[in-house]
Amino acid sequence: MTCEELLRALNEVIDDQSALALYAEFADHLAGCNPCQLVVDNVRKTIQLYKAGEIYEMPPGFQDRFRDALRAKWKVKFPHLSS
Amino acid sequence: MTQSHDQPAAEVDLALLRRSQTGDFDAFEQLVSRFQGRAYGVAYRILRSPQDAEDVVQQTFLSLIEHLDTFRGESSVASWVLRIATNFALKILRKRRGLPTVSLDEGNESYASIPHPEYIAAWREPPDALAERAEMRELLDRAIDELSDKHRVVFILRDIEGLSTEETADLLGLSISNVKVRLLRARLQLRERLTRELGDEATRVEPDHRHDVTPSDEKAV
Chain A
4 MTCEELLRAL NEVIDDQSAL ALYAEFADHL AGCNPCQLVV DNVRKTIQLY
54 KAGEIYEMPP GFQDRFRDAL RAKWKVKFPH LSS
Chain B
100 MTQSHDQPAA EVDLALLRRS QTGDFDAFEQ LVSRFQGRAY GVAYRILRSP
150 QDAEDVVQQT FLSLIEHLDT FRGESSVASW VLRIATNFAL KILRKRRGLP
200 TVSLDEGNES YASIPHPEYI AAWREPPDAL AERAEMRELL DRAIDELSDK
250 HRVVFILRDI EGLSTEETAD LLGLSISNVK VRLLRARLQL RERLTRELGD
300 EATRVEPDHR HDVTPSDEKA V
């Protein structure tokens, strides 16, 4: 397997825990290719960083407007019920 | 009704939705509280505008009220809410570009167009240490902003929001193979960008894309 071929299969190597066990050619190539090992490691860490990313907070003033809009819509949907 | 702390989140969500369907506004507000942050996050990541992200959140939950009765349970409540939020975000994205349709399908991409890694090195620090640095947020935002919309959206849905390839393809109106190629491109472009900033120059190696490792090799070339 060439580096080019591993690159095309990179998603499977990253996403499928069993890929290295199932596909000996992936494991064999990685065992003998430091650049590909680094690329795979870099991509895993890239995904980890983004997953661990900051939670975006909604502006404080938005909640009141938002909840008022929901209540108004609810009254239209369920006119016979009190809120 | 109280929810057990041991109850899986999906069951809690479904119970709140069912109560909402009967007109229980308190249950609906609990559902909103559970999902508004996530809806805002995915909208903000796609649109990069707090005002547009707020609009998406509001439209999402107003739409939920309108279509409460249409939820049939084929997907989880979380997937349903995320799908609605993503679709509203994509509509705004398309509107910005002056295009009429929601789909970001701009033709098939092939693996031949995938850029090869150029800067290859080990990172100086692990992700958990990097994530705590104040300057990381700016770097991550800049890097993801450099992706084209079609690549950024796939990366957000697959790798940040955790949707499957099939769910992502269905949501975006793309083929599974197109999702895979776009995801690969996004991952590699982000890897390249981040490694140039975070990589240890002392560990840098030169790529050789024709390098062939077979079991009979005793040494890598």
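Residue numbers (our numbering), protein chains in the order written: chain A, 4 to 86; chain B, 100 to 320. Even for Gly, the Cβ is constructed at its ideal location relative to N, Cα and C. These numbers were taken from a predicted model, which means no experiment stands behind them.
Residue i versus the options, residue with shortest Cα-Cα distance
i	options	result
Asp227 (chain B)	A:Gly56, A:Cys39, A:Leu33	A:Gly56
Arg292 (chain B)	B:Leu283, B:Ala242, B:Asp307	B:Ala242
Val253 (chain B)	B:Asp244, B:Leu239, B:Ala268	B:Ala268
His250 (chain B)	B:Ala233, B:Gln288, B:Asn186, B:Arg223	B:Gln288
Leu239 (chain B)	A:Ser21, A:Val46, A:Tyr53	A:Tyr53
Val16 (chain A)	A:Cys6, A:Glu8, A:Arg70, A:Phe29	A:Phe29
Leu192 (chain B)	B:Pro225, B:Ile164, B:Arg144, B:Ser162	B:Arg144
Arg281 (chain B)	A:Leu9, A:Gln20, A:Asn14, A:Cys6	A:Asn14
Ala12 (chain A)	B:Leu283, B:Arg196, B:Asp311	B:Leu283
Pro107 (chain B)	B:Ser162, B:Ser175, B:Glu266	B:Ser175
Ala126 (chain B)	B:Glu234, B:Leu115, B:Ser132	B:Leu115
His83 (chain A)	B:Asp311, B:Phe124, B:Glu296	B:Phe124
Rounded straight-line distance, which links the Cα of residue j to that of residue i
i	j	result
Phe65 (chain A)	Tyr26 (chain A)	51 Å
Thr159 (chain B)	Val180 (chain B)	7 Å
Leu246 (chain B)	Gln150 (chain B)	21 Å
Leu130 (chain B)	Tyr218 (chain B)	45 Å
Arg223 (chain B)	Glu237 (chain B)	18 Å
Thr264 (chain B)	Arg182 (chain B)	14 Å
Leu262 (chain B)	Asp299 (chain B)	32 Å
Ala177 (chain B)	Ile164 (chain B)	15 Å
Thr302 (chain B)	Glu7 (chain A)	21 Å
Arg257 (chain B)	Lys76 (chain A)	32 Å
Asp154 (chain B)	Ala211 (chain B)	39 Å
Ala221 (chain B)	Ile50 (chain A)	15 Å
Asp19 (chain A)	Ala72 (chain A)	44 Å
Gln322 (chain B)	Val111 (chain B)	This structure gives no information on residue 322 (chain B), because the portion of chain B shown stretches from 100 to 320.
Ala230 (chain B)	Glu60 (chain A)	17 Å
Ala184 (chain B)	Leu161 (chain B)	11 Å
Glu317 (chain B)	Lys194 (chain B)	Confidence at Glu317 (chain B) is low in this model, with a pLDDT of 43, below 50, so its placement is unreliable and no value can be given for it.
Gln359 (chain B)	Arg74 (chain A)	No answer is possible for residue 359 (chain B): it lies beyond the span of chain B, which begins at 100 and ends at 320.
Arg196 (chain B)	Leu146 (chain B)	12 Å
Ala109 (chain B)	Ser132 (chain B)	14 Å
Ile213 (chain B)	Val278 (chain B)	13 Å
Ser209 (chain B)	Val304 (chain B)	27 Å
(request) Could you tell me whether the region 166 to 176 of chain B touches the region 139 to 155 of chain B, where touching means 3 or more Cβ pairs closer than 8 Å? (result) These segments do not touch.
(message) My parser needs the alpha helix (DSSP H) runs of 4 or more residues fully inside the region 7 to 63 of chain A; what are they?
(response) Taking 4 residues as the shortest admissible run, the region 7 to 63 of chain A contains the following complete alpha helix (DSSP H) segments, listed from N- to C-terminal end: 13 to 18, 22 to 25, 27 to 34, 37 to 54.
(request) Could you say if the region 44 to 52 of chain A and the region 108 to 120 of chain B meet the contact criterion of at least three C-beta pairs nearer than 8 Å? (result) Not touching, per the Cβ criterion.
(request) Would you list, in chain order, the members of the region 9 to 29 of chain A that have their beta-carbon closer than 7 Å to a beta-carbon of chain B? (result) So the list reads Leu10, Arg11, Leu13, Asn14, given in the order they occur along the chain.
(request) Check whether the region 272 to 288 of chain B touches the region 186 to 195 of chain B, taking contact to mean three or more Cβ pairs, one atom from each stretch, closer than 8 Å. (result) A contact between stretches requires three or more CB pairs, one per stretch, nearer than 8 Å, and the region 272 to 288 of chain B fails this requirement with the region 186 to 195 of chain B.
(request) Using a Cβ-Cβ cut-off of less than 7 Å, give me the residues of the region 174 to 197 of chain B that come near chain A, in sequence order. (result) So nothing in the stretch comes that close.
(request) Answer yes if the region 66 to 83 of chain A comes into contact with the region 32 to 40 of chain A, meaning at least three C-beta pairs across the two stretches below 8 Å, and no otherwise. (result) Segments in contact, no.
(request) Using a Cβ-Cβ cut-off of less than 7 Å, list which residues of the region 260 to 282 of chain B approach chain A; keep chain order. (result) Taking 7 Å as the upper bound on Cβ-Cβ separation, chain A lies near residues Lys279, Leu282 of the region 260 to 282 of chain B.
(message) Residues of the region 111 to 136 of chain B in Cβ contact with chain A at a cutoff of 8 Å, in chain order, please.
(response) Per Cβ criterion, the list reads Gly122, Phe124, Phe127, Glu128, Val131, Gln135, Gly136.
(request) Counting only runs of 3+ residues fully inside the region 125 to 195 of chain B, write out the beta strand (DSSP E) ranges in chain order. (result) Look at the region 125 to 195 of chain B and you find no whole run of beta strand (DSSP E) that is 3 residues long or longer.
(message) At 4 residues or longer, what runs of the alpha helix (DSSP H) sit wholly inside the region 212 to 238 of chain B?
(response) Entirely contained in the region 212 to 238 of chain B, the alpha helix (DSSP H) runs reaching 4 residues are, in chain order, 226 to 230.
(request) Mind checking the region 223 to 251 of chain B against chain A and listing, in chain order, the residues whose C-beta falls within less than 8 Å of any C-beta there? (result) For the region 223 to 251 of chain B, the set of residues with a beta-carbon nearer than 8 Å to any beta-carbon of chain A comprises Pro225, Pro226, Asp227, Leu229, Ala230, Met235, Arg236, Leu239, Ile243, in chain order.
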